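Take a look at the structure set out below.
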Amino acid sequence: MSHDNRDPGPRRVGQVKEVTSLTNPIIKDIKALSQKKERDETRSFLAEGLKLVIDALELGWTIRTLVYAKAAKGKPQVEQVALKTVATGGLVLEVSEKVLSAITRRDNPQMVVGVFEQRYTHLRDVTPALGETYVALDRVRDPGNLGTIIRTADAAGASGVILIGETTDPFSLETVRATMGSVFAMPVIRAGVADFIKWQKAAGVQVVATHLAGAVDYRTIDYRRKPVVILMGNEQAGLPDELAKEATALARIPQQGRADSLNLAIATGIMLFEARRHLLTLDGKA
Ligand code: SAM
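Residue numbering for the sequence shown follows the working numbering, starting at 2 and increasing by one per position.
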């Protein structure tokens, strides 16, 4: 009797495909999402964890593929997201832990991973109202910073994060991880410098730019007057003159000690919670 040891390919169990081979073409495509080029071309990205996937579906994000570990099979919440995925035309894969590790590049991977469609909000659709706060980031480079800022903006009740110029990818695995799910809750907008300046002039906002040479103490600004855009500079270079000169105010967070500056995400957090101080209460209602 001869044995054929080649991978027989995905096996259909109901509408779930079982996959154990790393060479399976679908798995190869999902693994390739660790590269920006592949994410851009397919306009998709990976999010890890059952809670994140549930939240994303509740918020109306489109899931293309749900991947879960064999060990998660039969769990009611996993079954529910699997049903939802199939109902919306997505693919469901049951895989070995080895496959999940390869997809997420982790030794102890989450049991559930989703491939979602990317979503950006267009700048022309952003019409800030009084009481709204946006964060604008000039050429943010570090995925951990961007993810932390998206998470912090969500926690502070901001309305969106505007990415100006060439920035790190908000949909990279590292950024999405650092957002802890807030990538699904916070609108992300991309803009060039010229478009951003044009927009800020027409949008009736006050742009509070942060700058190490800022003359205004950030605590003295009236954040209630107009919708607020907090503009933050690049990690290495700070804010360029072309953006700084168009701002309503150049604000500085006073420092002591030897550090030259604050980490970008920390500075953004301080600004956000000051700008929204009058709107934040312990019961979460403004
Ligand atoms: N070498 C850069 C420079 O000269 O601006 C340092 C940039 S800092 C790491 C990144 C960004 O965080 C700054 O562009 C600014 O937006 C913000 N930032 C950091 N510390 C700040 C402070 N004390 N006051 C205001 N903004 C600050």
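In this text, a Cβ means the ideal position worked out from N, Cα and C, and glycines have one as well.
Owing to the predicted nature of the structure, the values given are computational and were not obtained by experimental measurement.
Over the uninterrupted alpha helix (DSSP H) stretch that includes residue i, give me the two end residues.
i: Gly145; result: 144-157
i: Lys18; result: Looking at the DSSP string, Lys18 is not in any alpha helix (DSSP H); the run it does join, the beta strand (DSSP E), is 17-20.
i: Ala179; result: 174-180
Report the three-state DSSP secondary structure of residue i (helix, strand or coil).
i: Ser262; result: coil
i: Arg65; result: strand
i: Ser35; result: helix
i: Pro11; result: Residue confidence for Pro11 is low, a pLDDT of 45 falling below 50, so the modelled location carries little weight; the figure read from the coordinates is stated next. If DSSP states are grouped into helix, strand and coil, Pro11 belongs with coil.
i: Asp5; result: Caution applies to Asp5, whose pLDDT of 45 falls short of 50 and renders its modelled position unreliable; the value that the coordinates give is listed next. Correct three-state label for Asp5: coil.
i: Leu138; result: strand
i: Val82; result: helix
i: Asp41; result: helix
i: Leu124; result: helix
i: Ile198; result: helix
i: Ala214; result: coil
i: Gly161; result: strand
i: Glu133; result: coil
i: Ala203; result: helix
i: Glu118; result: strand
If we call anything under 8 Å between Cβ atoms a contact, is residue i one with residue j?
i: Val141; j: Leu164; result: yes
i: Asp174; j: Gly115; result: The amino acid occupying residue 174 in the given sequence is Leu; Asp does not appear at that position. Not a contact, by the Cβ cut-off of 8 Å.
i: Val177; j: Ala48; result: yes
i: Ala179; j: Pro144; result: yes
i: Asn146; j: Leu265; result: yes
i: His212; j: Leu251; result: yes
i: Glu118; j: Arg65; result: yes
i: Ala83; j: Val127; result: no
i: Trp62; j: Arg120; result: yes
i: Arg152; j: Met181; result: yes
i: Thr122; j: Gly161; result: yes
i: Pro110; j: Leu101; result: yes
From what residue to what residue does the beta strand (DSSP E) around residue i run?
i: Glu49; result: 45-49
i: Arg191; result: 189-192
i: Val208; result: 207-211
i: Val184; result: Looking at the DSSP string, Val184 is not in any beta strand (DSSP E), and its letter there is neither H nor E.
Could you tell me if the beta carbon of residue i falls within a distance shorter than 7 Å of some heavy atom in the ligand SAH?
i: Leu53; result: Of the ligands one can find in the structure shown, namely the ligand SAM, none is the ligand SAH.
For this session: Report yes or no: do the segment 87-101 and the segment 156-171 share at least 3 C-beta pairs separated by less than 8 Å?
Result: As far as the Cβ criterion goes, the segment 87-101 does not touch the segment 156-171, which means the pair count is below three.
Exercise. If you scan the segment 228-255 from start to end, which runs of the alpha helix (DSSP H) of 4 or more residues do you find wholly inside it?
Worked result: Counting only runs of 4 or more, we get 242-245.
Exercise. For the segment 184-194 against the segment 218-237, are there 3 or more C-beta pairs whose distance is under 8 Å?
Worked result: Here the segment 184-194 makes no contact with the segment 218-237; the two share fewer than three CB pairs at distances below 8 Å.
For this session: Could you tell me whether the segment 194-206 touches the segment 167-181, where touching means 3 or more Cβ pairs closer than 8 Å?
Result: The segment 194-206 is not in contact with the segment 167-181.
Problem set entry | Segment contact, 8 Å Cβ cut-off, at least three pairs: the segment 244-251 with the segment 203-222 | Contact holds: three or more Cβ-Cβ distances are below 8 Å.
Problem set entry | Contact between the segment 69-76 and the segment 129-137 (3+ Cβ pairs under 8 Å) | Between the segment 69-76 and the segment 129-137 there are fewer than three C-beta pairs closer than 8 Å, too few to call the two in contact.
For this session: Output the residue ranges of the beta strand (DSSP E) runs that lie fully inside the segment 80-116 and measure 3 residues or longer, sorted by chain position.
Result: Entirely contained in the segment 80-116, the beta strand (DSSP E) runs reaching 3 residues are, in chain order, 92-96.
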